[in-house]
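These notes concern the structure reproduced below.
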Amino acid sequence: MDYLKRSEELFDMTVEFRRHLHQIPEISLELPETTGYIIEQLTKMGYQPERCGGGVVVTVGKPGGKTVLLRGDVDALPMREESGLPFASVCDRAHTCGHDMHGAMLLTAAKMLKENEAALEGMVKLMFQPGEETFMGAKAMIKDGLLENPRPDVALGYHVTSGQMPLGLFIYNGKGTMMNSSDNFKIVIHGVGSHGAYPDSGVDPINIAAHVIIGLESVIAREIQSTQSSVLTIGKVAAGDAGNIIPDKAEMYGTLRCDSNEQRAFILKRLSEVTESIAKTYRGSAEVIITSGTPPLICDPEAVETFISYMRELNVPNQAEYPDMHAASSEDMAVILSEIPGAYMFLSAGFTDGRETYNQHHPKVVFNEEVMKVGPAYLAHCASRWLEEHK
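Quick note, the sequence shown lines up with residues 1 to 391 if you use the numbering used here.
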């Protein structure tokens, strides 16, 4: 099958998928409307969808051979949309990261693969994943059996990206870390409350929090090699009810990003050591709670080169490559790629004609739907070709 030609023929259907998903944004692991719609569409195509860890899984092809895993995340963000689009979300959740496009492209890829099922030289497993933004979805699906019956031999996923970038551009890294790890954490500092005029009769958790922030910044500045990439941010501090009362507790919320598993393990260890020792120094106590986390995204070099070679086979207009991408942001696909080899890439869904060029997670972001002529073709073609060459 000419997947690019067929994808272009199905473009209106893909747009319909995308706009419907865009109008029913849901967050984290609870996506009842989203998964219900996906199951409805897959059933119409002849699949027997199965729920898995809050998401949806289907398989297509011939059992007994190799298996390719295709992944699309479908959760949204807890924010209002201000795009002005006629199909914009009207609730307090929005697809401002483009996951609605991922779901739509994977649905169209599923349709094409079903149409071409007899020619497939193995199995393709398609996962519609919840909870990417919370770094919980991949783990939940794996726990629920995603990588079993059959176990995939290789994985592939794409993410659309907005901004001022031309269509046809794809971005990848087959040589090292593509995206940093992410660990979100909460620090609870316990002190002793007192009157603001008599601080000596209490233990000030706010004072301890201030010293903890400086101490953690020193870990990054003085204990990490300058050639390594790491970011530790405290984004929220909450304590007290009045200016003349020392509270008995302070809470801090932050995120840690690292470009290697070794660096991640070291800083997480120091996070607890520094926090607890500073709290003890000032007569308080503290606990560090990791609320969510995902490892650095490291693609398999062979899988990256192989899938890129298949992508080059398609006559995509203005196709261009940007290799060796490295970002401090994080991606839940890293959990999948820590279990099985695979590749993850970005597809430009931006504009170069003066239209809005806001980036992902901005309330006014607009994505170029023309990328959905290509995305489904890449997914289906790469899966089919990999199975052909890995019988």
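For every residue, glycine included, the Cβ atom is placed at its ideal position computed from N, Cα and C. On a predicted model such as this, the values are computed, not experimentally measured, just so you know.
Please report how far the alpha carbon of residue i lies from the alpha carbon of residue j, in whole angstroms.
i, j, result
"Ile142", "Ile245", "48 angstroms"
"Asn184", "Ala119", "45 angstroms"
"Arg270", "Val219", "8 angstroms"
"Thr161", "Tyr358", "10 angstroms"
"Ile336", "Ala155", "8 angstroms"
"Gly53", "Glu82", "31 angstroms"
"Phe351", "Phe87", "19 angstroms"
"Glu331", "Leu256", "13 angstroms"
"Glu148", "Leu4", "30 angstroms"
"Pro49", "Val192", "55 angstroms"
"Phe170", "Leu216", "37 angstroms"
"Leu10", "Gln263", "45 angstroms"
"Pro25", "Glu8", "26 angstroms"
"Pro166", "Phe307", "21 angstroms"
"Pro247", "Pro199", "10 angstroms"
"Arg355", "Leu347", "18 angstroms"
"Arg151", "His211", "48 angstroms"
"Lys373", "Glu117", "21 angstroms"
"Met79", "Glu121", "43 angstroms"
"Ala349", "Asp144", "32 angstroms"
Please name the residue, chosen from the options, that lies closest to residue i on a Cα-to-Cα basis.
i, options, result
"Met136", "Ser28, Gly284, Tyr310 and Ala250", "Ser28"
"Pro205", "Pro150, His190 and Thr59", "His190"
"Val57", "Lys373, Val124 and Thr96", "Val124"
"Ile38", "Gly84, Met101 and Asp241", "Met101"
"Gly240", "Thr233, Ser230, Met252 and Val288", "Met252"
"Gly202", "Thr306, Arg80, Gly342 and Arg283", "Arg283"
"Val304", "Ala343, Asp92, Asn116 and Gly375", "Ala343"
"Glu133", "Val374, Asp73, Glu223 and Ile234", "Asp73"
"Lys44", "Glu115, Leu347 and Gly243", "Glu115"
"Phe17", "Ala104, Asp92 and Pro32", "Ala104"
"Val472", "Val212, His211, Ala250 and Ile267", "Residue numbering for the chain in the displayed model covers 1 to 391; residue 472 lies beyond these limits and cannot be assessed."
"Glu369", "Met79, Gly55, Leu85 and Thr59", "Leu85"
"Pro376", "Thr227, Leu107, Gly64 and Leu31", "Leu107"
"Thr233", "Ala242, Ala250, Ile213 and Glu223", "Ile213"
"Trp386", "Ser309, Asn261 and His362", "Ser309"
"Pro130", "Asp144, Ser89, Asp75 and Ala94", "Asp75"
Given a threshold of 16 other Cβ atoms within 10 Å of its Cβ, counted over all protein chains shown, does residue i qualify as buried or as exposed?
i, result
"Asn315", "exposed"
"His195", "exposed"
"Lys175", "exposed"
"Asn180", "buried"
"Tyr172", "buried"
"Gln225", "exposed"
"Ala320", "exposed"
"Thr14", "buried"
"Pro32", "exposed"
"Gln41", "buried"
Answer yes or no: do residue i and residue j have a C-beta to C-beta separation smaller than 8 angstroms?
i, j, result
"Ser182", "Thr35", "no"
"Met311", "Met178", "no"
"Val237", "Ala265", "no"
"Lys364", "Thr291", "no"
"Tyr158", "Met345", "yes"
"Leu126", "Ala138", "no"
"Leu77", "Cys97", "yes"
"Met333", "Leu379", "no"
"Asp479", "Lys66", "The requested residue 479 does not occur in the structure, where the chain is confined to residues 1 to 391."
"Glu276", "Val188", "no"
"Pro341", "Gly168", "no"
"Val60", "Leu21", "no"
Scan the segment 133-167 and note each continuous alpha helix (DSSP H) run of 4 residues or more that stays entirely inside, going in chain order.
137-143
Mind pulling the beta strand (DSSP E) runs of 3 or more residues that sit fully within the segment 170-216?
177-179 and 182-190
At which residue ranges does the segment 52-115 contain complete alpha helix (DSSP H) runs of 4 or more residues, listed in the order of the chain?
99-115
Counting only runs that start and end within the segment 247-320, where is the alpha helix (DSSP H) found for 4 or more residues in a row?
261-281 and 301-312
Runs of 3 residues minimum, wholly inside the segment 325-383: which ones carry the beta strand (DSSP E) assignment?
342-348
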